[in-house]
Amino acid sequence: MDSVKTALLPELRVNIGPLTLNNPVLTASGTFGYGREFADLVNLNRLGGIIVKGISYEPRHGNPPPRIIETACGMLNAIGLENVGVEGFLREKLPYLKNLQTPVIVNILGDTVEEYARLAGRLDDARDIAALEVNISCPNVKKGGVAFGTDPLMAADVTRAVRQATSLPVIIKLSPNVTDVTVIARAVEEAGADAVSLINTLLGMAIDVRSRRPRLANVVGGLSGPAIKPVALRMVWQVARAVSIPVIGIGGITTTEDALEFIIAGATAVQVGTANFFQPTAAEAIITGMTQFVRDNNLQSIRELTNTLQLD
Amino acid sequence: MSEFQEKAPIISKESLTGEVFRLTVHSPQIAESAVAGQFAMIRVQDSLDPLLRRPFSIHKTGADGSVSFLFKVVGKGTAMMAALQPGMELDLIGPLGRGFTRPVTGSFSMIGGGMGIAPLFFLAQQLLAVERAYSNPPVLLGAQTQAELLQLAEEFVELGFPVHTATDDGTLGHHGFVTELLDRILTRVQQVYVCGPMPMMRIVAQKCLKAGVACQVSLETHMACGLGACLGCTIPAAPGGYKHVCKDGPVFSAEEVLWTL
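Here it is, written out as structure tokens:
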């Protein structure tokens, strides 16, 4: 049995706070466009959820090129949060998405706490959105460009503002570029987050030795792909032990085995990101693989696997 | 326009020189729906190294469902492609992007530099009927040296297109840049198609603009997804902002592009 039926089996169902997903495999923001880009290659209705490219209130052009460079088992990106803006999203992108059976989660980003709140309020009015994922790795322009997600107080402020502006489930996407991600995780939990997702990309760079110039126009970019998986996995494990809200694991997930590692470490669900670029069918293959795993191991449900890391 | 992911068996591999190769695969869905100027994202190995697919313009297709790619070894991905053998499989996604559009009137010319010649052959295949009807000016092909240029020029001629060549070192045809051959042609055409290094395309774009001739260019850049999702493949656009080479291109009207070096 394959296709949509596999994805709807009760043994794959998971809950992210008030949100129920048919299976724990979602596509990560920034790696799946607004969904439609993959429609010819992927059965979108099999996915547990689609998280769209991050939306800011006004459209953004993004950074000058070069924006991407491949690295060992990974890639650096400095896209610059190019997006169509909230009105553009509602007008041009959501109409297609709402015809899908798959839950659509909108990733939001802002320069100020107020922008996050405005966005959340605007999207709260829209229908056919299942949840918001809040990208707090953005620079807070009112605090000298320090990223919201690096400071527990700022992270909590954003969370609270979004929480008050919407009744949609709120997932806070954590930055790994911090000393102790559990501090941020606890702060956003306390401020009202329904769930956390981690990790966002790790800061990195690459240099062209012939020209002695950075490979990215922005100099620094975000590292993603299989190379970051061990770091992501460690952080998911740490955060899952620090908070009671569900954790969604992200970071280099390419295969079923990768996804299962995150679930054992404490994740309720996972997001597939960079893998969508080189293997668009990666998320679907993981859903199939998980079903097989549940059967082979006589589990009632994938939920039994969350947080089952054996120590000693 | 439909896109497909196909596991395409390699039918043949030719080496035109020590560095230039042509791979032909059996990829019927892509062969049938591709338009000249489109490209495929190729996974050169089923491995995490290299991680990302590589974009290759479609060089040639056959009624038998064959698709060919022409490339020079310039890095890791192309070196791996060159090492592949018939019988192995290539994982392709395509056809992608916006291709060339037919000339509005009959008269057109194509000008290719180096590996930019690759997509122009597919264009020649698709414009064959127009060529026969209108007896267009010669196709202009240039390279640094004779090497693969001779064989490629012969293939255009076999198809029915006269060719003029140019080489930097004078080993074949005009001794100089292929763009120098364009001037005498511009009075006879209303559409030019060009593909080659950026500086070459910039010169052609400028000449065409001055002569009031429409010009379509085919660009390339680093890509991650090739599908319009990652937003990594931008180029600066002429009125401002950015365009995405994989989705808005790779073929652009010359005026859409902000030409810097």
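Chains as they are written, first to last, in the numbering used here: chain A, 28 to 339; chain B, 296 to 556. The C-beta atom is built at its ideal place from N, Cα and C for all residues, glycine as well.
- Contacts between Arg-393(B) and chain A, judged by CB atoms closer than 9 Å, are missing: the closest CB pair is about 15 Å apart.
- Residue state for Tyr-143(A) is assigned as helix, using DSSP reduced to three classes.
- Look at the stretch 318-352 of chain B: the residues with a C-beta under 9 Å from a C-beta of chain A are Met-336, Arg-338, Leu-343, Asp-344, Pro-345, Leu-346, Leu-347, Arg-348.
- In the three-state reduction of the DSSP assignment, Ala-292(A) falls in the helix class, which pools H, G and I.
- For Lys-355(B), the secondary structure class from DSSP, reduced to helix, strand or coil, is strand.
- Against Gly-544(B), chain A offers no close residue; the least beta-carbon distance is about 13 Å (beta-carbon pairs closer than 8 Å).
- At a cut-off of 9 Å, the C-beta of Pro-531(B) has a neighbouring C-beta in chain A.
- Between Ala-254(A) and the set Val-484(B), Asp-344(B), Leu-318(B), Leu-522(B), the nearest pair of CA atoms involves Asp-344(B).
- Only those residues of the stretch 129-141 of chain A whose C-beta falls short of 8 Å from the nearest C-beta of chain B would be listed, and there are none.
- Neighbours of Glu-298(B) in chain A, taken as residues at a C-beta separation under 7 Å, are given in chain order as Asp-67, Leu-68.
- The three-state reading of DSSP puts Asn-167(A) in strand, counting E and B together.
- With its beta carbon less than 9 Å from one in chain B, Ala-99(A) belongs to the interface.
- Using a Cβ-Cβ cut-off of 9 Å, Lys-200(A) does not count as an interface residue toward chain B, since no Cβ of chain B sits closer than that to its own.
- Neighbourhood of Gly-507(B) in chain A, by CB distance below 8 Å: empty, with the nearest CB roughly 30 Å away.
- Excluding residues up to 5 positions away in sequence, Ala-442, Glu-443 lie with their Cβ nearer than 7 Å to the Cβ of Thr-312(B) in the same chain.
- Taking CB atoms only, Ala-374(B) has no neighbour in chain A less than 9 Å away.
- Under the Cβ distance rule, Met-383(B) does not count among the residues neighbouring chain A, no pair being separated by less than 9 Å.
- Contacts with chain A (Cβ-Cβ distance below 9 Å) from the stretch 397-421 of chain B involve no residue at all.
- At a C-beta separation below 9 Å, Pro-92(A) has these neighbours in chain B: Thr-516, His-517, Gly-527, Cys-528, Thr-529, Ile-530, Pro-531, Tyr-537.
- Contact of Ile-388(B) with chain A by beta-carbon distance below 8 Å involves Leu-68, Pro-307.
- Separation of Tyr-123(A) and Val-247(A) (C-alpha to C-alpha, rounded to the nearest whole angstrom) is 34 Å.
- Setting aside the 5 residues that flank it on each side, Ala-212(A) is surrounded in the same chain by Leu-201, Val-223, Val-266, Ala-269, Val-270, each with a C-beta closer than 7 Å to its C-beta; the list follows chain order.
- For Leu-379(B), no Cβ of chain A is located within less than 9 Å of the residue's own Cβ.
- Boundaries of the alpha helix (DSSP H) around Gly-372(B): 371-377.
- In this structure, Asn-227(A) lies away from Gly-279(A), with their beta-carbon atoms at least 9 Å apart.
- DSSP places Gln-446(B) in the helix class (H, G or I) of the three-state scheme.
- The DSSP assignment places 197-200, 222-225, 229-231, 248-251 as complete runs of the beta strand (DSSP E) inside the stretch 188-270 of chain A, in order along the chain (cut-off: 3 residues).
- Within chain A, the residues placing a beta-carbon under 8 Å from that of Gly-523(B) are Gly-60, Glu-64, ordered along the chain.
- Contact with chain B is found for Pro-253(A), since one of that chain's Cβ atoms lies less than 9 Å from the residue's Cβ.
- A Cβ-Cβ contact shorter than 9 Å links Val-487(B) with Ser-404(B).
- For Met-102(A), the nearest beta carbon of chain B is closer than 9 Å to its own beta carbon.
- Of Leu-436(B), Ala-509(B), Leu-454(B), the smallest CA-CA separation from His-469(B) is found for Leu-436(B).
- Residue-level contact by beta carbon holds for Cys-520(B) and chain A, with a gap shorter than 9 Å.
- At a cut-off of 9 Å between C-beta atoms, Gly-278(A) does not count as an interface residue with respect to chain B.
- Distances from the CA of Glu-515(B) to each of Leu-387(B), Pro-398(B), Val-540(B) were compared; the closest alpha carbon is that of Val-540(B).
- DSSP links Met-336(B) through a beta bridge to Pro-350(B), Ile-388(B).
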